[in-house]
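Structure record follows, encoded as structure tokens.
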């Protein structure tokens, strides 16, 4: 029973608080013989890194990763090869500035975990959320960079598909645009950049925040991953996505829309393909049927609530039982959904790596 | 790593196929000293039982439960008291009629787990879905009846809130109407019965099917259950709901709607109550903040896809790689979402019982 | 965290008390496609069954096993083939005679789990030990019969090698004699039968009891099972053997004798064999080095204490805090070590099956 | 399913190789509010540290521990208080000198894990054993220092009770002498120091090695920890001890000696004590009955084999299938059993902390 571990065979245990000296993770169960570089991990961390545009928190963290165990170096001086032993990754915290949190150390910020955390532990790490801080997700992203290498041929990509009341146009979808330097939103729709910019600038200047919807797509997932009952692939995806800070909903394939459809509309028909293998004629299922992958792209979406750190005073109480009005200053993301894109990718990569190893090993119900 | 177990301290392992002699479950970790009766379990099983109206499958299963271990009988001849040892529950299958499935034993039914199941195991239990059958959920409902007793003061209730394109009117919500004998839909809105009846009759007569949205509400959940990272209460709820057959989406509180809101709109404010305890002024969070319960009602919704067993011929392939047109006869639910209501309740009760025991035992991050 | 489950990929959850209606187990994780018969399981149960000679408890239990799920029947009417879904096995209790225990229902029997069990749960199942009863081991033996089939080429055999102060002569070792009908002791040494008979008759008639040492040997274990740190093969064997009732010590290969040896004496040398594969020239290691199997026979021994149910009055206290003198009547084994032989075999088979599946699936440190 | 984690609620995941940059562990599940200092951990590490006498390896490692997460500092500048979040501990490797291992990088050293490790992974970390190295135990000892604080009133102490053919005299037992500066053996018997010194000097000078027996005693263990079936306290102790490098046997209380006794001799009688609580009149059971603690001291012993690194040439094969004669130079312990004392203490402390948390939380069978 692990509070800080996810995965079963590809197990990631994260540690570290936002205001301690460092954070990191231990990956246990990664097979031996997998080649990766520090740059592979750093690339993903950089995508998630704060301070890159005016639309994300201005906290400045270089997020330099160190690999402390689990590999042997190759002669090229760059490639690391896994040995099957635990991979320990560490990222030092640099820009902690915990005084930002001083004035609200004894207040329960509405929408934050402050009150529930206090109800659980009877104490708070007033320096910025402790383990509830989104800084923990840096460790996930680092682990995800390794997970991507575990399954041959796997590609995991994500996109922001809605921000508040604004949605992208699916007809414009361009995966190559996601990491474009002129795209601070991970949107797949080039036309949406100016829309999102204007919208979020207004929100940011108002000291407000807004939610978002993120879509993650994994291609190259072999058919047969998952299980029919309590190790369903979509079940573990739901759990993984819901574990991301501020996520309030998860759906696979047609998702909630499926509830509105008839059996004729929703079921994906099949025909034999030219390569002699069954082909699905559509992918309403999002790549999962009965908890098991079909070989089609796995499509998951999740809803991110607006960050609750806003400048508008909100009614709350403090730890001493007094009514207070709370204003959350500090450096916050006006739309945390943006940086949730690489995090969602990492989580999906980890889940698929885990199920890939489970499937490779054991075929059991 | 368990394929057929859910829960960590309150652990339920289910077994049995739809066409074998029996099905059941073993509950491991239920505390000693909890009193229950066979009638408590039977009551929940009867709510889920097939064959009760024309809107659900006509399979006739009495679903009589036997308790084989884990209790001592009391002198009243009815009450059973748990001893802290594993509780083994068994339900015999009666109306199996596996010939219904004969003609499609070698076809991959679109929308069903047939193809993905075959990709995983390399074999099929052609007698009706094997473990993918919704009959497995009888064991969950039986376990849920025990789980409800574990947390003092807990109430878990569910309702069907949408069927296909039809939704209930929330202003009409009446919990007492849910189990009314004139309510074959678990709808909380008396005015919706005729709407749903007409709608589903048309679908049923057309040999079609339709999806649904189910909402489950748990009241009396203590604040402090869950954890900030990978043992989040909402994460386990998402996993539990997504493990129910045909579920494609899960949300907590405002859910996907939260993505459209601003921080001001979404965060729940607080004030000290007359009883000297903090009171939430709203419950957009659905009773969970940062993965930990707030003490407010826990509200989860899930989307059920239309059952894929329909009379309209659908294109598919068979196990020999031939294109076929599939018609799924047999006795099926035109809207499996209806019977998902007691199942969703059972799953939420089990998750909360599990986290209640985790919280009671250990306080760890 | 499971109190009633052992194994990780080949998971066995047992349930049932000695005085309830039935006992059994659920095996989760058994691969599909494994053929077995009811007779395979019954054969092992019969070896463990009470009432077969004057040297074991006279409780009469037919121990007929039922297989409730997890298989498809073959056309021969006998063979069952696993489907990869949970295998539910049930054995009904017949000869419960719980009145035997009436007079000691409120006493803590010295050497029994009565006091510690009460300290844990705050209650007792006075009808015969509840889960502490050795009847639970019938479920293990049934599970072991399946486990033996999981690893191709695996043979697991056991023997009683010492009873009290009497030991077998290793020079006389004859595996074929173990299940001889004139061998009520599972001894591998035909010459020991009369020695053990005379010795145990005297103990039995004195109302006393005696301990034993059991040795289990698994042949056909592939090299490479286990892991270097906390999933060591010998670690799981130690855990499995220590989980058997009344076991107080476990050793692998040379075991405690290794503490008396030098490095030259203890390490097993190797040479290339005629088949081009490395050959060990001895097996002091008992088939495990650094937690990982070497391909040599896995040899485990465990010490069984004398059963604490004896006719000599022993000083104790009762549940009300009064000093009492306890005499344990009822039908007990004068040497529980005898029937521990098939149980030890079953446990070793389960551990090896589990590690075989772990190794097949994942190679991780 | 964790290869590098032990414990269930008090979970320790270790990472790091003997020749990588660092090693460490993450402790997940430690309750909040527990006070400790760096000196507490360092004290235990110093007891285990190599290079302290001529009887242990001359590798020079300062073994300075860093605490990276999971605590808040107190005002005194020394005390750290746990927050309930994961505690990350790191120890940097300093004196690696991996060239010592160069010549045997392709040989399978007899008695070492080289061959079995290769059979598992298909590769070796030729730089000194990788995860099979005893350096990993530094992380365990650090974790054990925290575990000792979890259970109020717990004392865990260990002693070397036999080295090769030499045994201590139990009548001389003096706990205070264990950590005496003139005691390089953790022996409790002052008279044994010269015996062990002479004996081990001879063995060391001969380039040989010898085994040992270690005894660990935990006092202040509350009654009621453990479970009757597969979460037995002694089962987890057996697993923990067997997980220590070179351990080949484990026993509790009377252990293997119990097999030679009668029920009258072995069972511990009880009487009501003057304090109105039941008192055991002996402790043959070693503090555990039926898998559950009795409140008496928990007594475990384990056998450590002689280290297989010796100067005498031994027959073996290499990775290319050639017969070779192996001499293991380098800096090795002539009796690894000595330094196993603080390691065994740490493991027992971790097991008891784990069961303490399990018991506190849940009462289940």
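Protein chains in written order, with the working numbering: chain A, 1438 to 1802; chain X, 1438 to 1802; chain S, 1438 to 1802; chain U, 1438 to 1802.
Glycine is no exception: its CB is placed at the ideal position from the N, C-alpha and C atoms.
Smallest Cα separation from residue i: which of the options?
i, options, result
"residue 1592 of chain S", "S/1761, S/1776, S/1736", "S/1736"
"residue 1664 of chain S", "S/1731, S/1762, S/1522", "S/1731"
"residue 1630 of chain X", "X/1658, X/1596, X/1653, X/1661", "X/1596"
"residue 1627 of chain X", "X/1640, X/1635, X/1609", "X/1609"
"residue 1509 of chain A", "A/1470, A/1487, A/1458", "A/1470"
"residue 1698 of chain X", "A/1492, A/1745, A/1791", "A/1745"
"residue 1711 of chain A", "X/1682, X/1497, X/1759, X/1733", "X/1759"
"residue 1485 of chain A", "A/1713, A/1549, A/1576", "A/1576"
"residue 1725 of chain X", "A/1482, A/1483, A/1547, A/1526", "A/1547"
"residue 1749 of chain S", "S/1682, S/1588, S/1646, S/1722", "S/1646"
"residue 1517 of chain X", "X/1635, X/1673, X/1583", "X/1583"
"residue 1578 of chain X", "X/1594, X/1590, X/1589", "X/1594"
When you compare the CB of residue i with every CB in chain S, is at least one pair closer than 8 Å?
i, result
"residue 1465 of chain X", "yes"
"residue 1662 of chain X", "no"
"residue 1514 of chain X", "no"
"residue 1519 of chain X", "no"
Which residues in the same chain have their Cβ closer than 8 Å to the Cβ of residue i, if we skip the five residues on either side of it in sequence?
i, result
"residue 1512 of chain S", "none"
"residue 1662 of chain X", "1670, 1729, 1730, 1789, 1792, 1793, 1795, 1796"
Determine whether the Cβ of residue i lies closer than 8 Å to any Cβ atom of chain A.
i, result
"residue 1801 of chain S", "Its pLDDT being 37, under 50, residue 1801 of chain S is placed unreliably by the model, and nothing is read from it."
"residue 1573 of chain X", "yes"
"residue 1752 of chain X", "yes"
"residue 1441 of chain U", "yes"
"residue 1597 of chain U", "no"
"residue 1783 of chain S", "no"
Under 7 Å from any heavy atom of the ligand GDP, does the C-beta of residue i make it?
i, result
"residue 1708 of chain A", "Of the ligands one can find in the structure shown there are none, so the ligand GDP has no counterpart to examine."
Under 7 Å Cβ to Cβ from residue i, same chain only, skipping five residues before and after it: list those, please.
i, result
"residue 1499 of chain A", "1531"
"residue 1633 of chain A", "1600, 1603, 1622, 1624"
"residue 1544 of chain U", "1753, 1755, 1761, 1763"
"residue 1770 of chain X", "1493, 1494, 1744, 1776"
Can you list, in chain order, the residues of its chain whose CB lies under 6 Å from that of residue i, leaving out five sequence neighbours each side?
i, result
"residue 1652 of chain S", "1596, 1598, 1738"
"residue 1448 of chain A", "1442, 1465, 1466"
"residue 1677 of chain S", "1784, 1788"
"residue 1522 of chain X", "1507"
"residue 1551 of chain U", "1545"
"residue 1605 of chain A", "1598, 1624, 1626, 1629"
Within 8 Å (strictly less), CB to CB, does residue i reach chain U?
i, result
"residue 1454 of chain X", "no"
So that I know if they touch, is there some Cβ in chain X lying closer than 8 Å to that of residue i?
i, result
"residue 1459 of chain S", "yes"
> Using a Cβ cut-off of 8 Å, which residues of the stretch 1482-1501 of chain U contact any Cβ in chain S, in chain order?
Replying inline: none
>> For the structure I just gave you, are there three or more beta carbon pairs, one from the stretch 1609-1619 of chain X and one from the stretch 1653-1663 of chain A, closer than 8 Å?
In response: Contact fails: fewer than three Cβ-Cβ distances are below 8 Å.
> When the Cβ atoms of the stretch 1709-1719 of chain X are set against those of the stretch 1681-1693 of chain X, are three or more pairs found closer than 8 Å?
Replying inline: Touching, no, given that fewer than three Cβ pairs across the two stretches are closer than 8 Å.
>> For the pair the stretch 1762-1781 of chain A and the stretch 1738-1748 of chain A, tell me if three or more CB-CB distances fall below 8 Å.
In response: yes
> Using a Cβ cut-off of 9 Å, which residues of the stretch 1542-1560 of chain A contact any Cβ in chain U, in chain order?
Replying inline: 1557, 1558, 1559, 1560
> Listed from N- to C-terminal order along the chain, which residues in the stretch 1687-1698 of chain X have their beta-carbon within a distance smaller than 7 Å of any beta-carbon of chain A?
Replying inline: 1687, 1688, 1689, 1690, 1691, 1692, 1693, 1695, 1696, 1697, 1698
> Of the residues that make up the stretch 1720-1737 of chain S, which ones have a beta carbon closer than 8 Å to any beta carbon in chain X?
Replying inline: none
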